[in-house]
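Participant: Heads up, the working numbering is the position in the sequence shown plus 482, with the first residue counted as 1. No residue lacks a Cβ here, since even glycine has one placed at the ideal position from N, Cα and C.
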Amino acid sequence: MSSVLTSRQENYSQWYNDLVLKGGLADYSAVKGCMVIKPYGYGLWENMRDQLDKMFKDTGHQNAYFPLLIPKSFLSKEAAHIEGFAKECAVVTHYRLKNDPNGNGVIVDPDAKLEEELIIRPTSETIIWSTYKNWVQSYRDLPILVNQWANVVRWEMRTRLFLRTAEFLWQEGHTAHATKEEAIAETEQMLDIYAQFAEEYMAMPVIRGVKTANERFAGAIDTYCIEAMMQDGKALQAGTSHFLGQNFAKAFDVTFTDKENKIEHVWATSWGVSTRLIGALVMAHSDDQGLVMPPKLAPLQVVIVPIYNKKDTEATQRIDDTVAGILKELKAKGVRAKYDNDDTTRPGWKFAEHELRGVPVRIAIGARDLENKVVEVARRDEKTKETVSLDGLTDTIQNLLADIQSNMFNKALKFRDEHITKVDSWEEFVKVLDEKGGFVSAHWDGTSATEDKIKEMTKATIRCIPLDNPQEDGKCILTGNASKERVLFARAY
């Protein structure tokens, strides 16, 4: 099956598309710029969603749902917000169709024009803060810790499956607090949750940081982010958490009476991750043979493939009975396992198919294996296999899954760390970007003009200013002006 994939070295972009399509994660849609998430890909998203949902609820958050459609006037209330999203908004102008009198199907009914246009949500701050105004009167009503699982639309001209599509799935948290300190603490807490999820579940190391003014979320005071490194040396923003200050509370007049009986505006945060994480997972771990799935998130963790002679019905039955027992034990331990006994395909084809789809562990069992009370166990991450005793097989598999998870993280961490390069001159900066890639740690003079110029000249952006960044005197790589700290540049998705 690997022959159907373009190699990473030959064409990384095509390799990625091949994996998403042929690995069964997604497909193109009849709607330009949108995608169909196939059952295997949606199973992966469900595992991501369920784990994140648990982490949110463990920190006191609750789920709610807000409308898909937002009055256009709402977006006008926060100037920076609308400026950031205006070019990406899909607009609903009419509410009815009618049959074309000329017989050409249906047309928009010109008499059904909306009094006010509605925006399909690109994000939900405005509709949510218009609602919070009705929920908050006193400090006793705070904090509000709400999350929403939803879809959003951001009209994209250049799309790529999972990484950038006109419609995508995500979660967006929106919280309201009585004090600035509480809101900042919430913003930082959610960033830590995202980082924990990325590293412990996706096996993907990330750098926690703060965005520059140029790169922060429209309408935010500060945007915190986690940045990951893909195998082609490009960065990918994997999650963001925004301290919104009182901007949206003032725009929608959300006030409360504090303990001293004074009227104050509420302090706000928002935070989110999306199905873009699936694209990150694919690019961080997969190889030229197919997907490589971290066991904690893999839709299928273990597949069992029988090796038998169809004519030997007695041996076939013994294998089936043995596998039934193995499956029962694995599933009792929470392992997502499947018996692939489809008799229309040969074992070799199944091996290649499950390798392409990134199943972490494959077990092969035949009549001779039963006689010897063993099975063959193959691990996807290292493409190795070994003979394992049937006795204690469930414990062996659980330990193996844990080892694969940690091995994938350590491999990605080693790659990431090898692709963080300190430079002190413009010549070094350009050379590393062009020849090595990865994160480039360099001094910057702190101005938006310099940041824009570097982006224009190299297509590299400041991915983040790392949290707890060491302070050191230096000179900006472009202007030579004084700088107090390094920032991380990279070309990015």
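1) First and last residue of the beta strand (DSSP E) that includes proline 788?
2) Which whole-angstrom value is the C-beta distance of serine 930 and alanine 695, which I expect to be below 8 Å?
3) Can you grab the Cα-Cα spacing for the pair aspartate 885 / serine 756, in whole Å?
4) Looking only at C-alpha atoms, which of Val573, Gln619, Asn629 and Leu624 sits nearest to proline 604?
5) When the Cα of phenylalanine 650 is compared with those of Cys958, Thr661, Ala665 and Asn633, which residue comes out closest?
6) Can you tell me whether alanine 964 is buried or exposed, with buried defined as 16 or more other CB within 10 angstroms of its CB?
7) Assign valine 914 to one of two classes, buried (16 or more other C-beta atoms within 10 Å of its C-beta) or exposed (fewer than that).
8) Leaving out five residues on either side along the sequence, give the residues of the same chain with a beta carbon under 7 Å from the beta carbon of isoleucine 808.
9) Rounded to the nearest angstrom, what separates asparagine 493 and glycine 715 at their Cα positions?
10) Per DSSP, which residues does histidine 724 bridge with? Please list them.
11) Exposed or buried, which one is glutamate 838 when buried takes at least 16 other CB atoms within 10 Å?
12) When the Cβ atoms of the stretch 788-803 are set against those of the stretch 737-749, are three or more pairs found closer than 8 Å?
13) Would you check if the stretch 702-713 and the stretch 579-596 touch, i.e. whether three or more CB-CB distances between them fall below 8 Å?
14) Decide if the stretch 826-834 is in contact with the stretch 494-504; the criterion is three or more beta carbon pairs, one per stretch, under 8 Å apart.
15) Beta-carbon within less than 7 Å of isoleucine 602's beta-carbon, same chain only, minus the 5 sequence neighbours each way: which residues are those?
16) Tell me whether the beta-carbon of serine 489 lies closer than 8 Å to the beta-carbon of aspartate 770.
17) For glutamine 799, count the other beta carbons within 10 Å of its own beta carbon; 16 or more makes it buried, fewer makes it exposed. Which is it?
18) Count the other C-beta atoms from every protein chain shown that fall within 10 angstroms of the C-beta of proline 687, then say buried if there are 16 or more, exposed otherwise.
19) What separation, rounded to the nearest whole angstrom, lies between the Cα atoms of glycine 962 and arginine 968?
20) Leaving out five residues on either side along the sequence, give the residues of the same chain with a beta carbon under 8 Å from the beta carbon of glycine 544.
21) What does the alpha-carbon distance come out to for the pair glutamine 719 and leucine 882?
22) For valine 736 and lysine 504, what's the separation of their Cα atoms in angstroms?
23) Can you name the start and end residues of the alpha helix (DSSP H) that proline 521 belongs to?
24) So what does DSSP say about histidine 659, is it helix, strand or coil?
25) Entirely within the stretch 816-848 and at least 3 residues each: give me those beta strand (DSSP E) ranges in chain order.
26) Please report the residue range of the alpha helix (DSSP H) in which alanine 572 lies.
27) Should cysteine 721 be labelled buried (16 or more other beta-carbon atoms within 10 Å of its own) or exposed?
28) Within 8 Å, do at least three Cβ pairs link the stretch 641-657 to the stretch 502-518?
29) Decide if leucine 970 is buried, meaning its Cβ has at least 16 other Cβ atoms within 10 Å, or exposed.
30) Return the chain-ordered list of same chain residues with a C-beta closer than 6 Å to the C-beta of asparagine 743, the five sequence neighbours on each side being excluded.
31) At the level of alpha carbons, what is the spacing between aspartate 916 and serine 555?
32) Taking the CB atoms as reference points, tell me whether proline 842 and glutamine 783 lie closer together than 8 Å.
33) Taking the alpha carbon of leucine 600 as the reference point, which residue from Lys615, Ser606 and Pro553 has its own alpha carbon closest?
34) Are there three or more Cβ pairs, one per stretch, closer than 8 Å when the stretch 665-683 is compared with the stretch 530-540?
35) Are at least three pairs of beta-carbons, each pair with one atom in the stretch 612-627 and one in the stretch 656-672, less than 8 Å apart?
36) Reducing DSSP to helix, strand and coil, say where methionine 711 ends up.
Facilitator: Reading from the atomic positions:
1) Start and end: 784-789.
2) For a cut-off of 8 Å, the C-beta gap from serine 930 to alanine 695 is around 6 Å, short enough to register as a contact.
3) Taking the Cα positions, aspartate 885 is about 27 Å away from serine 756.
4) For the residues Val573, Gln619, Asn629 and Leu624, the minimum Cα distance to proline 604 belongs to Val573.
5) That would be Asn633, whose Cα lies nearest to the Cα of phenylalanine 650.
6) So alanine 964 ends up on the exposed side.
7) Within 10 angstroms of the beta-carbon of valine 914 lie 16 or more other beta-carbons, which makes it buried.
8) Counting only Cβ-Cβ distances below 7 Å, and skipping sequence neighbours, we find Ile786 and Leu875.
9) Roughly 14 Å between the two C-alpha positions.
10) Answer is Thr705 and Ser752.
11) The question names glutamate, yet the displayed sequence has leucine at residue 838. The residue is buried, with at least 16 neighbouring Cβ atoms inside 10 Å.
12) No: fewer than three Cβ pairs fall under 8 Å.
13) Put simply, the stretch 579-596 does not touch the stretch 702-713. Fewer than three CB pairs are less than 8 Å apart.
14) Remark: fewer than three beta-carbon pairs, one from each stretch, lie closer than 8 Å, so the stretch 826-834 and the stretch 494-504 are not flagged as touching.
15) Correct list, in chain order: Leu550, Leu551, Ala572, Val574 and Val635.
16) In this structure, aspartate 770 lies closer than 8 Å to serine 489 by Cβ.
17) Exposed, since its Cβ has fewer than 16 Cβ neighbours within 10 Å.
18) By the neighbour-count criterion, in which a residue is buried when 16 or more other Cβ atoms sit within 10 angstroms of its Cβ, proline 687 is buried.
19) C-alpha separation (whole angstroms): 13 Å.
20) A small fix is needed here, since residue 544 is glutamine in this sequence, not glycine. Contacts found: Leu627, Val628 and Asn629.
21) Roughly 30 Å separates the two Cα atoms.
22) Rounded to the nearest angstrom, the gap between the Cα atoms of valine 736 and lysine 504 is 49 Å.
23) Unbroken alpha helix (DSSP H) run through proline 521: 521-540.
24) In the structure shown, histidine 659 sits in a strand (DSSP, three-state: E or B).
25) Those beta strand (DSSP E) runs which fall completely within the stretch 816-848 and span 3+ residues are 819-821 and 843-848.
26) Element bounds for alanine 572: not the alpha helix (DSSP H) but the beta strand (DSSP E), 572-576.
27) Reading off the sequence shown, one finds glycine at residue 721, where the question assumed cysteine. A residue is called buried when at least 16 other Cβ atoms come within 10 angstroms of its Cβ; glycine 721 meets this threshold and is buried.
28) Flag = yes, the stretch 502-518 and the stretch 641-657 touch.
29) Around the beta carbon of leucine 970, 16 or more other beta carbons sit within 10 angstroms, so the residue counts as buried.
30) Correct list: empty, nothing qualifies.
31) So the alpha carbons of these two residues sit roughly 45 Å apart.
32) In contact: proline 842 and glutamine 783 (Cβ atoms closer than 8 Å).
33) Taking only the C-alpha atoms, the option nearest leucine 600 is Pro553.
34) Counting Cβ pairs under 8 Å, three or more are found: they touch.
35) These segments touch.
36) The answer is strand: DSSP assigns methionine 711 an E or B state.
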